[in-house]
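Numbering (the working numbering), first residue to last: 42 to 242.
The beta carbon of each residue, even a glycine, is placed where N, CA and C say it ideally should be.
Below: the structure, in structure tokens.
See below:
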């Protein structure tokens with residue numbers, strides 16, 4: 042089954058996303074803009090049926106302007122390509138916040154709130170069939186402070202009518218490899234809904 046939305050509106054999607062990107066590049070809504078090297082807006086297929094939402098850029102992402110290019114990004118790529126048996130470029134990947142927090146700390150509440158309108162616009166334009174929220178910060182960006190990844194992962198939630206599967210962030214798995222199986226169970230639920238058979242992580 043194709044992993045892109047085949048609609049006439051999809052042709053306009055890259056232009057719409059680019060207009061948001063330009064606004065984000067000039068954003069000064071929170072303190073994170075003060076030290077950023079590059080805005081990390083997002084990348085992938087703008088007509089993707091599946092969007093991964095992460096936490097925020099790290100050092101490598103801040104330098105490259107691309108999401109998930111560090112060690113955690115390598116793990117996410119393996120999950121997508123070896124586990125789901127699709128190409129990374131078939132999905133869309135973005136973060137809850139678009140600028141790197143100092144020393145890779147967890148984004149603060151006001152920083153998440155400052156970026157939330159951009160994330161919502163991205164998702165509204167892409168119109169994915171499924172969102173996969175990677176970690177606590179991504180879940181809070183979508184659902185607010187009441188979200189708890191340990192409690193809410195592994196079950197279907199909904200964001201503005203779009204099914205959401207929350208799971209642990211790849212960076213968490215690097216520190217806690219024992220939970221790799223839990224993430225794989227969550228990913229299999231996503232694959233089943235998308236009609237994918239997949240392989241092994």
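{"Check": "Near residue 110, what residues of its chain come up, given a Cβ to Cβ distance below 7 Å and the 5 sequence neighbours on each side ignored?", "Outcome": "101, 102"}
{"Check": "Is the beta carbon of residue 138 less than 9 Å from the beta carbon of residue 113?", "Outcome": "no"}
{"Check": "Of all the alpha helix (DSSP H) runs that stay within the bounds of the region 66-146, which reach a length of 4 or more residues?", "Outcome": "100-105, 112-119"}
{"Check": "Quickly, what does DSSP pair residue 197 with across the bridge? List them, please.", "Outcome": "206"}
{"Check": "I need the DSSP call for residue 175, collapsed to helix, strand or coil.", "Outcome": "strand"}
{"Check": "Hey, how far is the Cα of residue 49 from the Cα of residue 122?", "Outcome": "Low confidence applies here, because residue 49 scores a pLDDT of 44, under 50, leaving its location unreliable; read the following figure in that light. Each residue's Cα considered, the two are about 28 Å apart."}
{"Check": "Return the chain-ordered list of same chain residues with a C-beta closer than 7 Å to the C-beta of residue 71, the five sequence neighbours on each side being excluded.", "Outcome": "151, 152, 155"}
{"Check": "Using the Cα positions of residue 167 and residue 239, report the straight-line distance between them to the nearest angstrom.", "Outcome": "23 Å"}
{"Check": "Under three-state DSSP, which class holds residue 191?", "Outcome": "helix"}
{"Check": "Using three-state DSSP, classify residue 239 as helix, strand or coil.", "Outcome": "coil"}
{"Check": "Could you tell me the alpha carbon to alpha carbon distance between residue 105 and residue 81, rounded to whole angstroms?", "Outcome": "8 Å"}
{"Check": "Name the two residues that bound the continuous alpha helix (DSSP H) containing residue 158.", "Outcome": "150-167"}
{"Check": "Please report the distance separating the alpha-carbon of residue 125 from that of residue 189.", "Outcome": "25 Å"}
{"Check": "Using DSSP with H/G/I as helix, E/B as strand and the rest coil, what is residue 185?", "Outcome": "coil"}
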